[in-house]
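*Asks:* In terms of numbering that gives the first Met the number 0, the numbers along the sequence shown are unbroken and rise by one, the last being 526.
Cβ atoms here follow ideal geometry from the backbone N, Cα and C, with glycine treated the same way.
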Amino acid sequence: MFNKKQNRFLTILFLGIVIVFLSLCAERPASDLSKESLIPKPVTVTVSGEYFKLRPGTDIIIREEKDELKLTAQFLADKLKSSTGFGIDVKVTRSKPHSGGIVLVADPAKTTLGEEGYELVIDKRTITLTAAKPAGLFRGVQTIRQLLPAKIELTSKQEGPWEIPTGTITDYPEYGYRGAMIDVSRHFFGVEVIKKIIDYISYYKMNMLHLHLSDDQGWRIEIKSWPNLTLHGGSTQVGGGKGGYYTQDQYSELVKYAKDRFIDIIPEIDMPGHTNAALASYAELNCDGKATELYTGTRVGFSTFCTDKEITYKFIDDVVREITALSPGSYFHIGGDESHVTKVEDYIPFINKVQDIVLSHGKKVIGWDEIALSTLREGSVAQNWASAENAAKAVAQGAKILMSPASRAYLDMKYDTTTKLGLRWAGLIEVNKAYNWDPATLFPGIGKENIIGVEAPLWTETITNLDEMEFMIFPRLPGYAEIGWTPASGRNWDEYSLRLGKHSERFQAMEINFYRSKLVPWSIAEL
Ligand code: NGO
0 MFNKKQNRFL
10 TILFLGIVIV
20 FLSLCAERPA
30 SDLSKESLIP
40 KPVTVTVSGE
50 YFKLRPGTDI
60 IIREEKDELK
70 LTAQFLADKL
80 KSSTGFGIDV
90 KVTRSKPHSG
100 GIVLVADPAK
110 TTLGEEGYEL
120 VIDKRTITLT
130 AAKPAGLFRG
140 VQTIRQLLPA
150 KIELTSKQEG
160 PWEIPTGTIT
170 DYPEYGYRGA
180 MIDVSRHFFG
190 VEVIKKIIDY
200 ISYYKMNMLH
210 LHLSDDQGWR
220 IEIKSWPNLT
230 LHGGSTQVGG
240 GKGGYYTQDQ
250 YSELVKYAKD
260 RFIDIIPEID
270 MPGHTNAALA
280 SYAELNCDGK
290 ATELYTGTRV
300 GFSTFCTDKE
310 ITYKFIDDVV
320 REITALSPGS
330 YFHIGGDESH
340 VTKVEDYIPF
350 INKVQDIVLS
360 HGKKVIGWDE
370 IALSTLREGS
380 VAQNWASAEN
390 AAKAVAQGAK
400 ILMSPASRAY
410 LDMKYDTTTK
420 LGLRWAGLIE
430 VNKAYNWDPA
440 TLFPGIGKEN
450 IIGVEAPLWT
460 ETITNLDEME
470 FMIFPRLPGY
480 AEIGWTPASG
490 RNWDEYSLRL
500 GKHSERFQAM
510 EINFYRSKLV
520 PWSIAEL
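(1) If you follow the alpha helix (DSSP H) that threonine 416 is in, where does it begin and where does it stop?
(2) Thinking C-alpha only, which one of Thr129, Ser36, Ile121 is nearest glutamate 114?
(3) What does DSSP give as the partner residues of histidine 211 in its beta bridges?
(4) With a cut-off of 8 angstroms on the beta carbons, I'd call asparagine 356 and leucine 401 a contact; round off their distance for me.
(5) At which residues does the beta strand (DSSP E) containing serine 47 begin and terminate?
(6) When burial is assigned at 16 or more other CB atoms within 10 Å of the CB, is glutamine 507 buried or exposed?
(7) Rounded to whole angstroms, what's the CA-CA distance from leucine 253 to proline 456? Just pull it up for me.
(8) Is the beta carbon of alanine 371 less than 8 angstroms from the beta carbon of alanine 381?
(9) Closer than 7 angstroms: is that where the CB of tryptophan 218 sits relative to any heavy atom of the ligand NGO?
(10) Three-state secondary structure (DSSP) at isoleucine 118?
(11) Note down the Cα distance separating tyrosine 312 from glycine 288, rounded to an integer number of angstroms.
(12) Following the continuous beta strand (DSSP E) through glycine 147, name the residue where it begins and the one where it ends.
(13) What separation, rounded to the nearest whole angstrom, lies between the Cα atoms of lysine 80 and aspartate 336?
(14) For the ligand NGO, any of its heavy atoms closer than 7 angstroms to the Cβ of glutamate 460?
(15) Would you say the segment 410-426 touches the segment 190-210, given that touching needs at least three Cβ pairs under 8 angstroms?
(16) What are the boundary residues of the beta strand (DSSP E) that includes asparagine 351?
(17) Let's test the definition: count the other Cβ atoms within 10 Å of the Cβ of alanine 279 and tell me whether it reaches 16, buried, or not, exposed.
(18) Taking 7 angstroms as the line, does the beta carbon of leucine 401 fall inside it for any heavy atom of the ligand NGO?
(19) Run through the DSSP bridge pairs and tell me what glutamate 162 is partnered with.
(20) Would you mind stating whether valine 140 and phenylalanine 74 have Cβ atoms separated by less than 8 angstroms?
(21) Three-state secondary structure (DSSP) at tryptophan 492?
(22) Here's the rule I'm using: 16 or more other beta-carbon atoms within 10 Å means buried, otherwise exposed. How should leucine 136 be labelled?
(23) Let me check one thing: in DSSP terms, what residues is glycine 296 bridge-paired to?
(24) Alpha carbon to alpha carbon, how far is tyrosine 495 from aspartate 198?
(25) Whole angstroms is fine: what's the gap from serine 234's alpha carbon to tryptophan 218's?
(26) Does DSSP put isoleucine 310 in a helix, a strand or coil?
(27) Mind checking whether the beta-carbon of glutamate 388 lies closer than 7 angstroms to any heavy atom of the ligand NGO?
(28) Exposed or buried, what is proline 164 when buried is set at 16 or more other beta-carbons lying within 10 Å of its beta-carbon?
(29) Just list the residues that DSSP pairs lysine 363 with in beta bridges.
(30) Would you tell me roughly how many angstroms separate the C-alpha atoms of isoleucine 472 and glutamate 118, rounded to the nearest one?
(31) What residue range does the alpha helix (DSSP H) around glutamate 537 cover?
(32) For glutamate 525, count the other beta carbons within 10 Å of its own beta carbon; 16 or more makes it buried, fewer makes it exposed. Which is it?
(33) Any heavy atom of the ligand NGO closer than 7 angstroms to the CB of glycine 182?
(34) What are the residues that DSSP puts in a beta bridge with threonine 167?
(35) Restricting to Cα atoms, I'd like to know which of Gly238, Pro226, Asn449, Lys413 is closest to asparagine 383.
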């Protein structure tokens, strides 16, 4: 029927088909979404074994032209564009179903997902990210980033494949407050450094950045009605360097940068102690009417506002008014720690008055745990750092606690005896010690219902630049983020340390200077 040539052609064609068929059958192993190294660990994951693949032409699709949706969609597109080299665009399409791509859906009816929860349905052609609120979509976008290979974080074009295992993730946080604090007073850090910190904390789904804006060594935010605070009080720092401060415009720029990532900035003006920078700037705030000298050491507890002068409260009212006008978040932090030279009979009425000032400007109060000595106003929060007894006093008054126990959560504590940076008054905090605790069982009588969340503070007596900050923050920060997000029943160090080990690839892609703890199996050989 066929001649020799035709026979040969048919045989080759047949063999070709067989080879293609066999290679299709010799499938790669099924994917397993539940084995991905996500931090924080999601609440529930179901697996369907296939792969979604990002390709040239994969679009990010939103169904409504709303700013918050567009912003988050564009944020994702920008993250994916440079490393994949694909022209990933945001498209507004009302029609459904979609023919592939990443679809972001705001569905207010999904109330079970709460303020920040999200659902991610990944199939072979489409990723559908749904949330009740815009913040939930943003948190879900972080999950998508973490599901892609670490090189997605690089800014130059990389080779794919860009695959994500299929399945479903339903996820929401355990606590509503998950934050970090940066002390910009002991050493000052400019706007670009703080933006980096905001990027890092948002990558791990934290939602609060507390800025410690004033202390003995420096006043760091412009107050137009009291200009000498920054001109003089902001002019130095620990060690005698030149210090610095944020103008109100720069502060607003930070607030917006954070807000776009669904993070609130919580401003702190520490008082009545830790106030030397203000006392050096305005003589009238001192009981003896004499301005103090600027201070560049690290000792604490020697300064106090004059608590029985009227001008002190006029001053505080001006400061709180100007800062709250720039702050959309719901809290103002009044410090209140270590006021060792303020008599307790002066401290208590002072904190009571200051709480009322903050409330009169429409914000709720947070203060370090000593504020529990005063009469806590409705909604005031005590930030536990040192004293379980103060935390208990706050709870007895019906107040909530923000958990930052120094011996577990202070980012400025050394990892081990060889750590050059940092302090050790609250002990050494290796990565496992930082991770392995449950805020809801740390103190008897203080349970989840009494706690608004977790915050990890970085005090900067010994920290002078971004590199040093990163070294103290990483790799402990992802652990604090997970403590705040993932239910305690779903957390254990052995399993977490494997996931954390994989994140070294991401730290490296983001050029983060991190501490290579021996307790973590880092996944990059040349470490
Ligand atoms: C304490 C103190 C800060 C120090 C920090 C150093 C609180 C709340 N007050 O924490 O002034 O910088 O320790 O670890």
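*Replies:* In short:
(1) Indexing the sequence shown from 1 puts residue 416 at position 417. It is not in any alpha helix (DSSP H) - threonine 416 carries neither H nor E in the DSSP assignment.
(2) Numbered from 1 along the sequence shown, position 115 holds the residue referred to as residue 114. Across the set Thr129, Ser36, Ile121, the C-alpha of Thr129 shows the shortest separation from the C-alpha of glutamate 114.
(3) Position 212 of the sequence shown holds residue 211. Note: histidine 211 sits in a beta bridge opposite Asp182, Glu267.
(4) As a first step, residue 356 must be located in the sequence shown, where it is residue number 357. As a first step, residue 401 must be located in the sequence shown, where it is residue number 402. Residue identity differs from the one stated: residue 356 is isoleucine in this sequence, not asparagine. The beta-carbon separation of isoleucine 356 and leucine 401, rounded to 20 angstroms, does not stay under the 8 angstroms limit for a contact.
(5) To locate residue 47, count along the sequence shown from 1; it is residue 48. Run containing serine 47: 43-53, per the beta strand (DSSP E) assignment.
(6) Along the sequence shown, read from residue 1 onward, the residue named residue 507 stands at position 508. Counting the other CB atoms within 10 Å of its CB gives glutamine 507 a total of 16 or more, which places it among the buried residues.
(7) As a first step, residue 253 is located in the sequence shown; it is residue number 254 there, counting from the start. As a first step, residue 456 is located in the sequence shown; it is residue number 457 there, counting from the start. A direct Cα-to-Cα measurement between leucine 253 and proline 456 gives close to 18 angstroms.
(8) For the purposes of this step, residue 371 is taken as residue 372 along the sequence shown, with counting starting at 1. For the purposes of this step, residue 381 is taken as residue 382 along the sequence shown, with counting starting at 1. Closer than 8 angstroms, so yes.
(9) The residue labelled residue 218 in the question sits at position 219 within the sequence shown. Not under cutoff, so the answer is no.
(10) Residue 118 sits at position 119 when you count from the first residue of the sequence shown. Note on residue identity: the sequence assigns glutamate, not isoleucine, to residue 118. Reduced to three states, the DSSP call for glutamate 118 is strand.
(11) Your numbering for residue 312 matches position 313 in the sequence shown. Your numbering for residue 288 matches position 289 in the sequence shown. When rounded, the distance between both Cα atoms is 15 angstroms.
(12) Your numbering for residue 147 matches position 148 in the sequence shown. The question names glycine, but residue 147 in the sequence shown is leucine. Looking at the DSSP string, leucine 147 is not in any beta strand (DSSP E), and its letter there is neither H nor E.
(13) Residue mapping note: residue 80 aligns to position 81 of the sequence shown, counting from 1. Residue mapping note: residue 336 aligns to position 337 of the sequence shown, counting from 1. Rounded to whole angstroms, lysine 80 to aspartate 336 spans 46 angstroms at the Cα level.
(14) By 1-based counting over the sequence shown, the position of residue 460 is 461. Indeed, a heavy atom of the ligand NGO lies less than 7 angstroms from the Cβ.
(15) Contact between the segment 410-426 and the segment 190-210 is not established, with fewer than three Cβ pairs separated by less than 8 angstroms.
(16) Numbered from 1 along the sequence shown, position 352 holds the residue referred to as residue 351. Unbroken run through asparagine 351 is the alpha helix (DSSP H), 343-359; no beta strand (DSSP E).
(17) One-based indexing of the sequence shown puts residue 279 at position 280. So alanine 279 ends up on the buried side.
(18) Here the question's residue 401 lines up with position 402 in the sequence shown. For the ligand NGO, not one heavy atom lies less than 7 angstroms from the Cβ of leucine 401.
(19) Here residue 162 corresponds to residue number 163 of the sequence shown, with the count starting at 1. Note: glutamate 162 sits in a beta bridge opposite Lys52.
(20) Locating residue 140 in the sequence shown gives position 141, counting from the first residue. Locating residue 74 in the sequence shown gives position 75, counting from the first residue. The answer is yes: Cβ separation under 8 angstroms.
(21) For the purposes of this step, residue 492 is identified with residue 493 of the sequence shown, where counting begins at 1. Helix, per DSSP.
(22) Within the sequence shown, residue 136 is the residue found at index 137, counting from 1. By the 16-neighbour rule on beta-carbons within 10 angstroms, leucine 136 is buried.
(23) The residue labelled residue 296 in the question sits at position 297 within the sequence shown. Paired residue(s): none; glycine 296 is not in a bridge.
(24) Walking along the sequence shown from the start, residue 495 turns up at place 496. Walking along the sequence shown from the start, residue 198 turns up at place 199. Here the alpha carbons of aspartate 198 and tyrosine 495 stand approximately 22 angstroms from one another.
(25) Locating residue 234 in the sequence shown gives position 235, where the first residue counts as 1. Locating residue 218 in the sequence shown gives position 219, where the first residue counts as 1. The straight-line gap from Cα to Cα measures roughly 8 angstroms.
(26) Indexing the sequence shown from 1 puts residue 310 at position 311. Here isoleucine 310 carries a helix assignment [DSSP, helix/strand/coil].
(27) Position 389 of the sequence shown, counting from 1, holds the residue named residue 388. No.
(28) Numbered from 1 along the sequence shown, position 165 holds the residue referred to as residue 164. By the neighbour-count rule (16 or more Cβ atoms within 10 Å), proline 164 is buried.
(29) Counting from one through the sequence shown, the residue named residue 363 turns up at place 364. Tyr330.
(30) Position 473 of the sequence shown, counted from the start, is the residue given in the question as residue 472. Position 119 of the sequence shown, counted from the start, is the residue given in the question as residue 118. Roughly 29 angstroms between the two C-alpha positions.
(31) No answer is possible for residue 537: the residues shown for the chain start at 0 and end at 526.
(32) Position 526 of the sequence shown, counted from the start, is the residue given in the question as residue 525. Because the pLDDT at glutamate 525 is just 47, under 50, the model does not fix this residue reliably, and the point stays unresolved.
(33) Translated into positions along the sequence shown, residue 182 becomes position 183. Correcting the residue type first, residue 182 is aspartate in the shown sequence and not glycine. Flag set: Cβ of aspartate 182 near the ligand NGO.
(34) Locating residue 167 in the sequence shown gives position 168, where the first residue counts as 1. Answer by DSSP bridge pairing, in chain order: Thr45, Val120.
(35) Translated into positions along the sequence shown, residue 383 becomes position 384. Comparing Cα-Cα distances from asparagine 383 to each of Gly238, Pro226, Asn449, Lys413, the minimum goes to Asn449.
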